[in-house]
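**Q** Here it is, the structure, as structure tokens.
2 protein chains.
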Amino acid sequence: MTSPVNHRTTTTVVAPVLPSTGALRPLGLEEVTLTGGFWADRQRVNAAATIPHCDHWETRVGWIGNFERALDGTLVEHRTGREFADSDVYKMIEAMAWEVGRTGDPALEARIGELAALIGRVQEPDGYLNTQFGRPGQAPRYSDLEWGHELYCYGHLIQAAVARLRTGHDDELVAVARRAADHVCAEFGPDGRDGVCGHPEIEVALAELARATGERRYLDQAALFVERRGRGTLAPIEFGREYYQDDEPVRSATVLRGHAVRALYLAAGALDVAVETGDDELLEAVRAQYARTLASRTYLTGGMGSHHQDEAFGDDYELPPDRAYCETCAGVASVMVSWRLLLATGDASWGDVVERTLYNVVATSPRADGKAFFYTNPLQKRVPGEAASDDEVSARALSRLRAPWFEVSCCPTNVARTLAALGGYVAAVSDDTLHLLQHASARIATRLGDGRAVGVEVVTGYPVDGEVVVRVTEAPEGPWTLALRVPAWAAGDALVDGAPAEVVDGVVRVQRELAAGDEVRLVLPVAPRVTVPDGRIDAVRGCVAVERGPVVLCAESVDLPGGAAVDTLRVDAGASAVADGDGARVRARLVPADEGGAADGAGAGAGWPYGAPGTGGAGEAVDVRLVPYHSWANRGPSTMRVWLPTA
Amino acid sequence: MTSPVNHRTTTTVVAPVLPSTGALRPLGLEEVTLTGGFWADRQRVNAAATIPHCDHWETRVGWIGNFERALDGTLVEHRTGREFADSDVYKMIEAMAWEVGRTGDPALEARIGELAALIGRVQEPDGYLNTQFGRPGQAPRYSDLEWGHELYCYGHLIQAAVARLRTGHDDELVAVARRAADHVCAEFGPDGRDGVCGHPEIEVALAELARATGERRYLDQAALFVERRGRGTLAPIEFGREYYQDDEPVRSATVLRGHAVRALYLAAGALDVAVETGDDELLEAVRAQYARTLASRTYLTGGMGSHHQDEAFGDDYELPPDRAYCETCAGVASVMVSWRLLLATGDASWGDVVERTLYNVVATSPRADGKAFFYTNPLQKRVPGEAASDDEVSARALSRLRAPWFEVSCCPTNVARTLAALGGYVAAVSDDTLHLLQHASARIATRLGDGRAVGVEVVTGYPVDGEVVVRVTEAPEGPWTLALRVPAWAAGDALVDGAPAEVVDGVVRVQRELAAGDEVRLVLPVAPRVTVPDGRIDAVRGCVAVERGPVVLCAESVDLPGGAAVDTLRVDAGASAVADGDGARVRARLVPADEGGAADGAGAGAGWPYGAPGTGGAGEAVDVRLVPYHSWANRGPSTMRVWLPTA
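The listed protein sequences correspond, in order, to chains A and B. Residue numbers for the first sequence follow my numbering, so the first one is 4 and each next one is one higher. Residue numbers for the second sequence follow my numbering, so the first one is 4 and each next one is one higher.
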């Protein structure tokens with residue numbers, strides 16, 4: 004734990020989260036440039052393909068058009084999309100805003116202005132803004148806090164405005180968002196409606212708006228929403244009030260539960276409130292909830308949410324790989340939470356969670372061309388998925404392969420805003436230390452917490468290659484520290500400049516006096532390794548997975564001889580895996596299936612899959628190629644498994 | 004396969020299903036009396052408690068009141084219940100009708116008359132009858148075939164009427180149902196609306212009405228509905244058209260899919276149509292679909308339906324015990340299908356399916372006192388369920404323990420009608436043979452297919468005791484055969500009169516000349532046996548279950564030392580189980596859990612449940628009592644497992 008520093012004195016930086024205090028100060032997009040490799044590639048595709056794709060679809064399905072129809076009076080009859088459709092327009096604007104901050108793209112800047120002007124004209128004089136409620140023929144404002152998503156929509160509007168402020172644009176969008184935020188404070192303040200939104204999001208947004216504007220009342224309102232939740236102001240529903248975290252106050256809950264995205268957005272907001280108000284009790288409560296969630300309700304990929312029915316967490320250790328919901332947005336939200344904990348505490352293990360979730364959830368969602376997305380990210384597919392048409396809107400959970408757009412399309416814009424701001428998660432500073440938190444080729448130029456300028460250039464083929472070379476481009480005068488995160492999966496087995504590194508709390512600290520031109524060479528053990536689950540995770544008992552660095556691998560039927568189903572694979576219990584490109588190879592057998600059951604299972608008669616133990620067939624020995632999970636389903640329909648049964 | 008006989012010449016009997024032809028003729032409630040034991044006990048509780056309980060609740064929640072409000076003009080504002088609430092009133096009347104047929108209870112007879120009169124007054128002149136549609140202020144008739152359930156409601160009305168006809172009452176209820184059926188034929192006939200109901204049920208009902216009335220046009224209409232389905236007349240929905248089996252014609256489908264109850268009701272209706280029209284192609288199509296469903300989509304309990312989200316079948320081998328939906332109604336519907344196949348083909352293995360499903364799904368639903376019910380029947384509970392209040396309506400899927408009533412309350416009345424008519428599933432006849440299909444203490448007096456009178460008395464402590472004593476009370480003149488079903492789980496290991504029995508196709512045929520007073524003594528091996536799953540069922544890999552005769556056993560935490568969680572249990576791979584009362588005992592260990600994971604799983608650091616293999620702790624050795632699954636949760640909240648991990 005690095006001791007907290009106060010960041011108030013530092014100038015505003017172009018960062019997706021900017022606490023006023025904490026162990027680490029994040030760097031901004033103007034301080035960190037991704038120069039190549041895994042994430043730079045995805046950021047490029049995001050800018051070139053995904054953001055225009057979102058704009059195309061939001062226009063095509065009429066969600067932007069809803070604002071136009073609000074002006075020409077045809078909205079009530081012709082509104083399109085779900086009750087929260089406005090929010091996807093706002094999330095897209097947020098993505099555009101970070102992209103403008105990163106590249107200065109003038110066409111995107113113009114588009115933001117156009118959209119902001121349109122949205123501004125729809126806002127009512129008192130700041131209320133929503134295309135679904137409040138007009139004659141629509142339900143009244145705030146008549147359905149459970150499902151209406153009005154405050155949720157403001158939240159995303161405000162987050163877009165925060166991105167504008169942090170990228171130097173105090174524009175119309177910011178004015179609209181501030182009017183909305185003022186309206187929320189008036190309407191839901193201490194003397195206003197005693198309610199919360201069925202979908203948390205306003206909390207994190209208001210806290211960030213307070214940071215970006217210096218207006219304390221936004222923080223107070225965020226804190227009020229956090230405290231109000233869990234007191235049963237929302238109606239009971241079939242899924243229980245835990246669905247929207249209104250079953251238990253944030254401060255006394257012990258684990259994340261209910262709808263995963265809701266739970267994680269709330270956790271992020273509560274952390275921001277805790278940090279800004281110095282509320283260590285609240286910080287510790289959320290940290291403990293999230294830690295237990297990681298220990299018992301999280302998939303190997305970092306994915307969260309075990310239930311399709313309510314997009315929710317299951318019980319502890321209820322982690323079925325085939326029905327894993329692992330919504331892409333829950334991955335984004337989990338990064339929001341772990342990143343906040345990393346900044347607040349300096350504990351590098353939160354950087355491990357950020358890394359795992361980025362590589363195995365966020366990176367899995369977009370197709371290689373950036374124009375189709377997974378909404379859910381299961382760890383097993385028994386039946387080859389159907390290809391989604393590139394010209395059709397899909398239902399969210401049943402799309403078998405990545406789809407271009409969804410009836411509920413929260414995920415594409417959430418991925419877009421995350422990838423556009425990704426440089427912000429790479430490094431941070433504390434008093435005399437530059438912390439490299441994610442290993443990616445990048446140019447970094449900033450000031451340490453003590454004000455001294457520092458610059459490095461990172462070159463790496465990570466995560467395929469474990470070597471990370473850090474060349475100092477500007478060295479501060481006097482002693483300073485370069486801190487490199489060593490993930491827990493490395494099990495302490497890292498080299499620095501060829502010698503075993505001293506890893507303390509997941510960090511190697513290089514304290515020799517580094518001058519400009521000096522290089523530090525970190526080597527992480529990214530050779531494939533075999534991983535087993537906790538014995539309480541029933542759904543993957545008797546299975547192993549193979550990981551390669553931070554990347555979870557999987558078997559895909561397109562890589563099996565004759566396209567055999569992956570369910571026939573059996574890995575030797577003691578098998579090891581060897582690296583092969585960005586994946587691995589492992590020795591296994593293909594168990595023949597017969598009418599009486601898989602040869603290694605029940606030997607009962609045909610037609611009933613339970614019985615006395617069978618004899619067990621040997622099966623054909625094969626050398627199976629495993630590929631990164633994030634890359635699966637990019638080669639057409641296939642069956643897929645992360646967890647491979649052992650013989 | 005026994006060769007088919009034509010039953011048209013036999014007099015109508017009081018039977019829940021009465022095909023005009025088939026390998027076996029079912030016996031009626033007047034021919035079979037359950038005299039004691041497992042099912043007689045449940046039938047008694049059903050009559051004394053469950054049927055009055057249903058009447059109480061249907062009155063209390065206003066579903067009977069909906070018909071009264073239809074008459075006094077207040078229905079549109081004050082209707083209660085879901086769109087299919089009428090059907091639960093009809094299912095209750097069906098239960099009452101079988102009960103009257105069984106016992107002649109005059110109070111129930113009066114209540115049926117009262118309800119029939121009320122319902123009859125609500126019926127419109129053209130036969131239309133529904134409390135949800137068609138009035139000013141309601142949606143128009145048949146404007147929502149996907150979800151409106153109008154034809155489904157008629158289906159249950161008609162099944163109640165069939166029960167009245169078969170029990171000798173051609174009364175007002177029958178007249179109402181016939182008017183409704185005539186209306187359906189007019190409205191949805193060959194020249195009428197080209198549609199089907201989103202929830203199959205009308206098919207099986209119309210086919211049975213044709214049997215009970217001799218009116219061919221009801222059968223033709225049932226056949227038309229079966230043929231129309233799978234042609235996309237229903238709208239596409241998020242779950243896909245497979246949800247309501249409108250994705251693929253019945254004749255060309257290869258497996259049951261989508262909503263389990265819908266799929267099974269449709270299969271039952273299609274079988275009735277196939278049998279009555281001599282359509283062997285259709286019969287074989289449904290048989291094959293159901294057989295594959297049993298081989299790859301059915302739980303050890305006979306339960307069906309793996310998804311909570313859409314109450315649906317999953318993919319082949321997707322059978323998670325914790326999220327098993329196994330709706331009670333799907334169990335009832337599966338019995339409907341397997342019983343029809345048994346009657347049509349004479350293949351005794353369908354009797355195994357009837358038995359397994361009755362003991363482990365239908366019997367599991369009602370609480371011992373008959374006043375609370377499971378809607379879903381999962382095979383594992385990680386967290387002790389909350390007790391449902393006996394005074395509150397529960398949401399269906401989330402009720403942790405049995406609940407008295409549900410917002411969707413299809414299950415209690417479905418159990419009630421099944422238990423009331425249970426005598427009808429015990430025995431059947433063919434030309435010269437009396438078939439004992441379910442082993443229960445009973446008095447049976449009937450005529451063989453060739454017209455000769457026959458009578459037996461069965462005395463048994465089955466399923467706890469494997470001995471079944473059949474005493475002949477009336478012997479036909481000349482040669483005849485007593486056929487006794489020997490379940491496949493007996494693996495041929497049955498004794499008849501002390502000698503190894505010759506089991507052919509799941510049946511022992513006693514062909515020695517049996518005279519009145521003679522006894523046949525069948526002994527089935529009901530000692531506990533260890534069962535393993537097919538290797539393709541991922542969710543229970545590395546686990547065993549213990550069965551005792553037809554009864555699936557489970558471990559319940561109330562039976563563990565100190566109430567330990569069942570998830571800590573590990574059974575020796577080679578362990579055997581010994582009988583203990585109606586359950587068993589098995590040697591196992593309790594694995595200590597620690598922060599780093601269960602001691603037999605990942606040995607990674609605390610806080611992340613995946614890592615390198617751990618060392619494995621020995622654990623405390625215990626002798627664990629296993630109890631019948633159908634009896635679980637009758638002793639307060641507990642955790643529970645059917646499938647026990649091996650060490």
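We treat Cβ as the ideally placed atom computed from N, Cα and C, and that holds for glycine.
Cα separation between ALA636 of chain A and CYS557 of chain A?
**A** Going from the Cα of ALA636 of chain A to the Cα of CYS557 of chain A covers about 11 Å.
**Q** Okay, do the stretch 510-522 of chain A and the stretch 505-513 of chain B touch, 3+ Cβ pairs below 8 Å being the bar?
**A** no
**Q** With a threshold of 8 Å on Cβ separation, who are the neighbours of THR534 of chain B within its own chain once the five nearest residues in sequence on each side are excluded?
**A** LEU303, VAL547, ALA548, VAL549, GLU550.
**Q** Over what stretch of residues does the beta strand (DSSP E) that includes ILE447 of chain A continue unbroken?
**A** From DSSP, the beta strand (DSSP E) with ILE447 of chain A extends over 444-450.
**Q** From this set, B:ASP197, B:ASP223, B:LEU451, which residue's C-alpha is nearest GLU206 of chain B's C-alpha?
**A** B:ASP223
**Q** So for LYS94 of chain A, helix, strand or coil by DSSP?
**A** LYS94 of chain A falls in the helix class under three-state DSSP.
**Q** Considering CYS557 of chain A, what are the terminal residues of the beta strand (DSSP E) in which it resides?
**A** 554-559
**Q** Where does ASP129 of chain B land, buried or exposed, given buried means 16+ other C-beta within 10 angstroms?
**A** With a threshold of 16 other beta carbon atoms within 10 Å, ASP129 of chain B falls short and is exposed.
**Q** Rounded to whole angstroms, what is the Cα-Cα separation between THR106 of chain A and LEU37 of chain A?
**A** 12 Å
**Q** Which residues bound the beta strand (DSSP E) around SER433 of chain A?
**A** 430-433
**Q** Spatial neighbours of VAL396 of chain A within its chain, please: CB distance less than 7 Å, with the 5 preceding and 5 following residues excluded, ordered by chain position.
**A** VAL64, TRP408, PHE409, GLU410
**Q** Is it the case that the Cβ atoms of ALA497 of chain A and VAL489 of chain A are separated by a distance below 7 Å?
**A** yes
**Q** Measuring CB atoms only, is the stretch 217-234 of chain A touching the stretch 169-180 of chain A, in the sense that at least three cross pairs come out at less than 8 Å?
**A** no
**Q** Look at the alpha carbon of ALA607 of chain B and the alpha carbon of GLY614 of chain B, and state the distance between them as a whole number of angstroms.
**A** For ALA607 of chain B, the predicted model reports a pLDDT of 49, less than 50, meaning its position is unreliable and no value from the coordinates is stated.
**Q** Just the chain B side, please: which residues come within less than 7 Å of GLN312 of chain A by C-beta, in chain order?
**A** HIS311, GLN312
**Q** Mark GLY599 of chain A as exposed unless 16 or more other C-beta atoms lie within 10 angstroms of its C-beta, in which case mark it buried.
**A** Its pLDDT being 44, under 50, GLY599 of chain A is placed unreliably by the model, and the measurement read from it follows with that caveat. Classification for GLY599 of chain A: buried.
**Q** Listed in chain order, which residues of the stretch 318-333 of chain A have Cβ atoms closer than 8 Å to some Cβ of chain B?
**A** ASP318, ASP319, TYR320, GLU321, PRO323, PRO324, ASP325, ARG326
**Q** Closest to PRO139 of chain A by CA distance: which of A:ASP185, A:THR83, A:LEU78, A:ARG85 is it?
**A** Taking only the C-alpha atoms, the option nearest PRO139 of chain A is A:LEU78.
**Q** Does the beta-carbon of LEU209 of chain A, which I'm using as the reference point, lie nearer than 6 Å to any heavy atom of the ligand ATP?
**A** Ligands displayed in this structure: none; no statement on the ligand ATP is therefore possible.
**Q** Inspect the CB distances between the stretch 462-473 of chain B and the stretch 436-447 of chain B and report whether three or more fall short of 8 Å.
**A** yes
**Q** Can you tell me the Cα-Cα spacing of GLY405 of chain B and SER579 of chain A, whole angstroms?
**A** Gly is not the amino acid found at residue 405 of chain B; the sequence shown has Arg there. Counting only the Cα atoms, SER579 of chain A lies some 48 Å from ARG405 of chain B.
**Q** Hey, how far is the Cα of ARG590 of chain A from the Cα of TRP646 of chain A?
**A** 15 Å
**Q** Straight-line CA distance for TYR157 of chain B to ALA333 of chain B?
**A** 19 Å
**Q** Consult DSSP for ALA607 of chain B and reduce its assignment to one of helix, strand or coil.
**A** At ALA607 of chain B the pLDDT is 49, less than 50, meaning the model places this residue with poor confidence and gives no usable figure here.
**Q** Which residues bound the beta strand (DSSP E) around GLU314 of chain B?
**A** Annotation: GLU314 of chain B is outside any beta strand (DSSP E) and is labelled neither H nor E by DSSP.
**Q** Quick one: measure Cβ to Cβ for THR379 of chain A and TYR428 of chain A, integer angstroms, because I've assumed they're closer than 8 Å.
**A** Actually they do not touch by this definition, with Cβ atoms about 24 Å apart.
**Q** Strictly under 7 Å for the Cβ-Cβ distance: is SER6 of chain B near chain A by that measure?
**A** Confidence is the limiting factor: at SER6 of chain B the pLDDT is only 45, short of 50, which leaves the residue's position unreliable, though a coordinate-based value still follows. Judged by the 7 Å Cβ criterion, SER6 of chain B is not in contact with chain A.
**Q** Please list, in chain order, all residues of the same chain as ARG450 of chain A whose beta carbon is under 6 Å from its beta carbon, the five residues on each side excluded.
**A** Closer than 6 Å at Cβ, skipping near neighbours: ALA456.
**Q** Would you please verify whether the beta carbon of THR534 of chain B is less than 7 Å from any beta carbon of chain A?
**A** yes
**Q** Thinking just about the alpha-carbon of each residue, which of A:PRO640, A:VAL20, A:LEU572, A:LEU297 is nearest to the one in LEU274 of chain A?
**A** A:VAL20
**Q** Is the CB-CB distance between LEU111 of chain A and MET99 of chain A below 7 Å?
**A** yes
**Q** Which class does GLN383 of chain B belong to by DSSP, given the choice of helix, strand or coil?
**A** strand
**Q** Is the beta carbon of VAL569 of chain A less than 7 Å from the beta carbon of THR642 of chain A?
**A** Between VAL569 of chain A and THR642 of chain A, the C-beta spacing is below 7 Å.
**Q** Does GLY192 of chain A come out as helix, strand or coil in the three-state DSSP assignment?
**A** coil
**Q** What residues of chain B sit near VAL103 of chain A, judged by a beta carbon separation below 7 Å?
**A** Ordered by position in chain B, no residue passes the 7 Å Cβ test against VAL103 of chain A, which lies about 36 Å from the chain.
**Q** From the DSSP output, which residues share a beta bridge with ASP626 of chain A?
**A** A:ARG590
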